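Chemist: One structure coming up, written as structure tokens, with questions to follow.
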Amino acid sequence: MKHIKSLSTRKLQNTVKTGGCGECQTSCQCTVGNQSCEH
Amino acid sequence: MVHQYRQNGYNIVMDVDSGSVHVVDDITYDIISLYSDHTRSEIAEIVKEKYSSVSKDEILEAYSEVQALVDDGTLFTHDVVKDSIIDFSKRPNVVKALCLNIAHDCNLRCKYCFADEGAYHGQKRMLMPFEVGKQALDFLVASSGSRVNLEVDFFGGEPLMNWDVVKRLVEYGRSIEKEKNKKFRFTLTTNGVLLNDEIMDFCNREMKNVVLSIDGRKEVHDMMRPFPNGSGSYDTIIPKIREFARRREELGLEYYVRGTYTHHNTDFSKDVLSLADMGFHEISVEPVVAPPEMDYAITEDDVPKLLSEYDALAAEMVKRYKTDREFNFFHFMIDLTGGPCVYKRLSGCGSGTEYLAVTPDGDLYPCHQFVGNKDFLMGNVWDGIKNTELRDTFKSCNVYSKPACDDCFARYYCSGGCQANAYNFTGSVNGQYEIGCILQRKRIESAIMIKAAEADIDGEEDQEGK
Chain A
1 MKHIKSLSTR KLQNTVKTGG CGECQTSCQC TVGNQSCEH
Chain B
1001 MVHQYRQNGY NIVMDVDSGS VHVVDDITYD IISLYSDHTR SEIAEIVKEK YSSVSKDEIL
1061 EAYSEVQALV DDGTLFTHDV VKDSIIDFSK RPNVVKALCL NIAHDCNLRC KYCFADEGAY
1121 HGQKRMLMPF EVGKQALDFL VASSGSRVNL EVDFFGGEPL MNWDVVKRLV EYGRSIEKEK
1181 NKKFRFTLTT NGVLLNDEIM DFCNREMKNV VLSIDGRKEV HDMMRPFPNG SGSYDTIIPK
1241 IREFARRREE LGLEYYVRGT YTHHNTDFSK DVLSLADMGF HEISVEPVVA PPEMDYAITE
1301 DDVPKLLSEY DALAAEMVKR YKTDREFNFF HFMIDLTGGP CVYKRLSGCG SGTEYLAVTP
1361 DGDLYPCHQF VGNKDFLMGN VWDGIKNTEL RDTFKSCNVY SKPACDDCFA RYYCSGGCQA
1421 NAYNFTGSVN GQYEIGCILQ RKRIESAIMI KAAEADIDGE EDQEGK
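The listed protein sequences correspond, in order, to chains A and B.
As numbered in my numbering, residues 1 to 39 make up the first sequence, in order.
As numbered in my numbering, residues 1001 to 1466 make up the second sequence, in order.
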């Protein structure tokens, strides 16, 4: 693309079916914004 | 929902519900701002009028790129989660993290301490006995269901004032991991006064992360973090935490130096850079949370200055990227491509449900900031959660339970904010601490701008390498 550079094309909506295991680290203001999935 | 902003020369477009982020040129920035309310030909006309030197073909080309992102589901997406999928109140009751207030006592008298200088609001000064800590770990294991990864933070007061119990609890935790099929992640938060070689060596073997408290410049630190006799603590702790951080870095282990800024140092970027220039690479300096009547509390009048400080800090971090002066700033760290699932993003820290604080005599509270407020006493480590109504209140806390989050672009990065801050400022755990929200939004915008700049720098290096 000439006019747009995408830093991320993730689709959080796709994690509705795969997420929710709860193994990820507790976050506090890692924060949710920088933590990893630990599934 | 789409959020657009300009910072440090970058035009940034966040697609809130998908989590996608795009950097665009000026024409495209304007096209996106018009996209929802205008037709393709109307947009072409409006943009052409503004950019007279740009051909119509180029404008339509940019429009096509925008349309491609829309078709791909990474721009102008909608919230498909709300109402239909997640019922937070039906989440299983699982505990996976404890904050052990291993000492309700402290060797400093920090003016802003929410632990009331280690005394926790009228509770007697005391150290947690080993038996209470052991029972807390047993409670955690028994309450954790099928969760494997468990977290225990040694907190206070000052946890090093009860160091032998810390060591014994770590050893006990390790001794039951295999049998119980659990993995403990131990962490420690300390003011550094009592650090010595033996403590550092033990922490480097057993603590996944250590948080070392220092506010930045000496005069700032000493004003807010004195010893009981009123003298500053900076000169005592600096050599110790520098050595500790050096050893952690050498071993590839996590640490943070962590400070608090207040109304008295709204120029806090200088404190961050002071820490960076001392050689610390993992830094957090955060706004004080205090009742408005305190002389050091952040005020609404402070906000414009604080926002400009975040701008300045972000620009400086871009300058330092890939130099030997580079460092990480906790609130500017962001994962744009991976990160946790939507459930985690909506529910946040899990205080009062997945995460609890334990007092030295075994009482349970929703988190370390509620300790001592009897309205939030949830139970104890022997009997478990007795106040199930309170647990259910916290279990229902999420982005959708907070009206202020409805139209906020930051909601998937901040998860609705801190329940304790909301309660302290509004009387409701679902309330909005407005100053906190304003600062959080600026931090997220800055973090994404830094990512855009880093991508540019990386791209230039790739070009030079060809």
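All C-beta atoms, glycine included, are put in the ideal place defined by N, C-alpha and C.
Nothing here was measured: the structure is a model prediction, and the numbers come from that model.
Which residue or residues does DSSP assign as beta-bridge partners of B/SER1284?
Modeler: Position 284 of the second sequence, counting from 1, holds the residue named residue 1284 of chain B. B/SER1284 pairs with B/ARG1258.
Chemist: With the cut-off set at 8 Å, would you say A/VAL32 and B/GLY1338 are in Cβ contact?
Modeler: By one-based count along the first sequence, residue 32 of chain A stands at place 32. By one-based count along the second sequence, residue 1338 of chain B stands at place 338. Result no, Cβ atoms of A/VAL32 and B/GLY1338 do not sit closer than 8 Å.
Chemist: Which of the three DSSP states is assigned to B/LYS1319 in this structure?
Modeler: The residue given as residue 1319 of chain B occupies position 319 in the second sequence. Here B/LYS1319 sits in helix by DSSP.
Chemist: Take the Cβ of B/LYS1442 as the centre, count every other Cβ of all protein chains shown within 10 Å, and call the residue buried at 16 or more, exposed below.
Modeler: As a working note, residue 1442 of chain B is residue 442 in the second sequence. B/LYS1442 should be labelled buried.
Chemist: Considering just the uninterrupted stretch of the beta strand (DSSP E) at B/LYS1183, what are its terminal residues?
Modeler: Position 183 of the second sequence holds residue 1183 of chain B. 1183–1190 is the span of the beta strand (DSSP E), which, as asked, contains B/LYS1183.
Chemist: Can you tell me whether B/SER1143 is buried or exposed, with buried defined as 16 or more other CB within 10 angstroms of its CB?
Modeler: Along the second sequence, one-based indexing puts residue 1143 of chain B at 143. With 16 or more Cβ atoms within 10 Å of its Cβ, B/SER1143 is classed as buried.
Chemist: Along the chain, where does the alpha helix (DSSP H) that runs through B/ASN1421 open and close?
Modeler: By 1-based counting over the second sequence, the position of residue 1421 of chain B is 421. That run of the alpha helix (DSSP H) goes 1419–1426.
Chemist: Provide the residue span of the alpha helix (DSSP H) that contains B/LEU1075, from first to last.
Modeler: Mapped onto the second sequence, residue 1075 of chain B falls at position 75. Segment: none, B/LEU1075 is in no alpha helix (DSSP H) and carries neither H nor E.
Chemist: Determine the burial state of B/MET1294: buried for a count of at least 16 other Cβ atoms within 10 Å of its Cβ, exposed for fewer.
Modeler: Reading the second sequence from its first residue, position 294 is the one you call residue 1294 of chain B. Per the 10 Å Cβ criterion, exposed.
Chemist: On the CB-based measure, 16 or more other CB atoms within 10 Å of its CB, does B/GLU1354 come out buried or exposed?
Modeler: If you number the second sequence from 1, residue 1354 of chain B lands on position 354. The residue in question, B/GLU1354, is buried, as its Cβ has 16 or more Cβ neighbours within 10 Å.
Chemist: Tell me, please, whether the CB atom of B/HIS1281 is closer than 8 Å to any CB atom in chain A?
Modeler: Residue numbering aside, residue 1281 of chain B sits at position 281 when the second sequence is read from its first letter. Output row for B/HIS1281: interface = no.
Chemist: By Cβ distance below 7 Å, which residues in the same chain neighbour B/GLY1019 in space, the five residues on each side in sequence not counted?
Modeler: Here residue 1019 of chain B is taken as the residue at index 19 of the second sequence, counted from 1. Here the set comprises TYR1412.
Chemist: Tell whether a beta-carbon distance below 8 Å holds between B/LEU1188 and B/VAL1210.
Modeler: Position 188 of the second sequence holds residue 1188 of chain B. Position 210 of the second sequence holds residue 1210 of chain B. Cβ distance < 8 Å, so B/LEU1188 and B/VAL1210 count as in contact.
Chemist: For B/ASP1015, is the classification buried or exposed, using 16 other Cβ atoms within 10 angstroms of its Cβ as the cut-off for buried?
Modeler: By one-based count along the second sequence, residue 1015 of chain B stands at place 15. Answer is buried; the Cβ neighbour count reaches 16.
Chemist: Leaving out the 5 sequence neighbours to the left and right, which residues in its chain are closer than 7 Å to B/ALA1290 when beta-carbon positions are compared?
Modeler: Numbered from 1 along the second sequence, position 290 holds the residue referred to as residue 1290 of chain B. Correct list, in chain order: TYR1112, TYR1296 and ALA1297.
Chemist: For a test of the three-state rule: what should DSSP assign to B/ILE1237, helix, strand or coil?
Modeler: Position 237 of the second sequence, counted from the first residue, corresponds to residue 1237 of chain B. Helix, per DSSP.
Chemist: Give the residues of chain A in contact with B/THR1074, contact being defined as C-beta atoms less than 9 Å apart.
Modeler: Position 74 of the second sequence, counted from the start, is the residue given in the question as residue 1074 of chain B. Going along chain A in sequence order, the residues near B/THR1074 (Cβ under 9 Å) are SER6, SER8, THR9, ARG10 and LYS11.
Chemist: Residues of the segment 1308–1342 of chain B with a CB closer than 8 Å to any CB of chain A: list them in chain order, please.
Modeler: Against chain A - using a Cβ distance shorter than 8 Å - the residues of the segment 1308–1342 of chain B are PHE1330, HIS1331, MET1333, ILE1334, ASP1335, LEU1336, THR1337, GLY1338, GLY1339, PRO1340, CYS1341 and VAL1342.
Chemist: Going by the beta-carbon positions, is the gap between A/CYS24 and A/GLN13 smaller than 8 Å?
Modeler: On the first sequence, position 24 is the one that residue 24 of chain A refers to. On the first sequence, position 13 is the one that residue 13 of chain A refers to. Contact flag unset, no.
Chemist: So if I threshold CB-CB distances at 8 Å, which residues from the segment 1145–1176 of chain B count as touching chain E?
Modeler: Absent from the structure: chain E. Protein chains present are A and B.
Chemist: First and last residue of the alpha helix (DSSP H) that includes A/HIS3?
Modeler: Position 3 of the first sequence holds residue 3 of chain A. Neither: A/HIS3 is in no alpha helix (DSSP H) and is coded neither H nor E.
Chemist: Would you tell me roughly how many angstroms separate the C-alpha atoms of B/LYS1183 and B/HIS1221, rounded to the nearest one?
Modeler: Numbered from 1 along the second sequence, position 183 holds the residue referred to as residue 1183 of chain B. Numbered from 1 along the second sequence, position 221 holds the residue referred to as residue 1221 of chain B. Cα to Cα, B/LYS1183 sits roughly 36 Å from B/HIS1221.
Chemist: Compute the Euclidean distance between the alpha carbons of B/VAL1070 and B/LYS1344, then round it to the nearest angstrom.
Modeler: Here residue 1070 of chain B corresponds to residue number 70 of the second sequence, with the count starting at 1. Here residue 1344 of chain B corresponds to residue number 344 of the second sequence, with the count starting at 1. Cα-Cα distance, rounded: 26 Å.
Chemist: State buried or exposed for B/ASP1201, treating a residue as buried only when at least 16 other CB atoms are found within 10 Å of its CB.
Modeler: As a first step, residue 1201 of chain B is located in the second sequence; it is residue number 201 there, counting from the start. The residue is exposed, with fewer than 16 neighbouring Cβ atoms inside 10 Å.
Chemist: Below 8 Å, how does it come out for the segment 1321–1329 of chain B and the segment 1272–1281 of chain B: are there three or more Cβ pairs, yes or no?
Modeler: yes
Chemist: Please state the DSSP three-state secondary structure of B/ARG1345.
Modeler: In the second sequence, residue 1345 of chain B corresponds to position 345, counting from 1. It is helical.
Chemist: Would you please state the rounded distance, in angstroms, between the beta carbons of B/PHE1376 and B/LEU1390? I believe it to be under 8 Å.
Modeler: Within the second sequence, the letter at position 376 stands for residue 1376 of chain B. Within the second sequence, the letter at position 390 stands for residue 1390 of chain B. With a Cβ gap of about 7 Å, B/PHE1376 and B/LEU1390 count as contacting.
Chemist: Does DSSP put B/LYS1208 in a helix, in a strand, or in coil?
Modeler: By one-based count along the second sequence, residue 1208 of chain B stands at place 208. DSSP, reduced to helix, strand and coil, places B/LYS1208 within a strand of the structure shown.
Chemist: If the cut is a Cβ gap below 8 Å, which residues of chain A does B/HIS1104 touch?
Modeler: On the second sequence, residue 1104 of chain B is found 104 positions in, with the first residue counted as 1. Those within 8 Å of B/HIS1104 in chain A number zero; the least Cβ separation is about 20 Å.
Chemist: Select from B/SER1053, B/CYS1397 and B/VAL1381 the residue whose C-alpha is nearest the C-alpha of B/CYS1414.
Modeler: Your numbering for residue 1414 of chain B matches position 414 in the second sequence. Ranking B/SER1053, B/CYS1397 and B/VAL1381 by Cα distance to B/CYS1414 puts B/CYS1397 first.
Chemist: Return the residue from the list B/ASN1204, B/GLY1459 and B/LEU1140 that minimises the CA-CA distance to B/GLY1173.
Modeler: Residue numbering aside, residue 1173 of chain B sits at position 173 when the second sequence is read from its first letter. Among B/ASN1204, B/GLY1459 and B/LEU1140, the Cα nearest to that of B/GLY1173 belongs to B/LEU1140.
Chemist: Starting from B/ARG941, find everything on chain A with Cβ-Cβ shorter than 8 Å and list it in chain order.
Modeler: In the structure as shown, chain B begins at 1001 and stops at 1466. Residue 941 of chain B is therefore absent and cannot be evaluated.
Chemist: B/GLN1004 and B/ILE1032: beta carbons closer than 8 Å?
Modeler: Residue 1004 of chain B sits at position 4 when you count from the first residue of the second sequence. Residue 1032 of chain B sits at position 32 when you count from the first residue of the second sequence. Yes, the pair counts as a contact, with Cβ atoms nearer than the cut-off.
Chemist: When you compare the CB positions of B/VAL1371 and B/THR1359, do they come within less than 8 Å of one another, or not?
Modeler: Within the second sequence, numbered from 1, the residue matching residue 1371 of chain B stands at position 371. Within the second sequence, numbered from 1, the residue matching residue 1359 of chain B stands at position 359. Their beta carbons are under 8 Å apart, which means B/VAL1371 touches B/THR1359 by this criterion.
Chemist: Just the C-alpha distance for B/ASP1087 and B/ASP1079, rounded to the nearest angstrom, thanks.
Modeler: Within the second sequence, the letter at position 87 stands for residue 1087 of chain B. Within the second sequence, the letter at position 79 stands for residue 1079 of chain B. Cα-Cα distance, rounded: 15 Å.
Chemist: Are the CB atoms of B/SER1213 and B/THR1236 within a distance shorter than 8 Å?
Modeler: Here the question's residue 1236 of chain B lines up with position 236 in the second sequence. Here the question's residue 1213 of chain B lines up with position 213 in the second sequence. Going by C-beta atoms, B/THR1236 is not nearer than 8 Å to B/SER1213.
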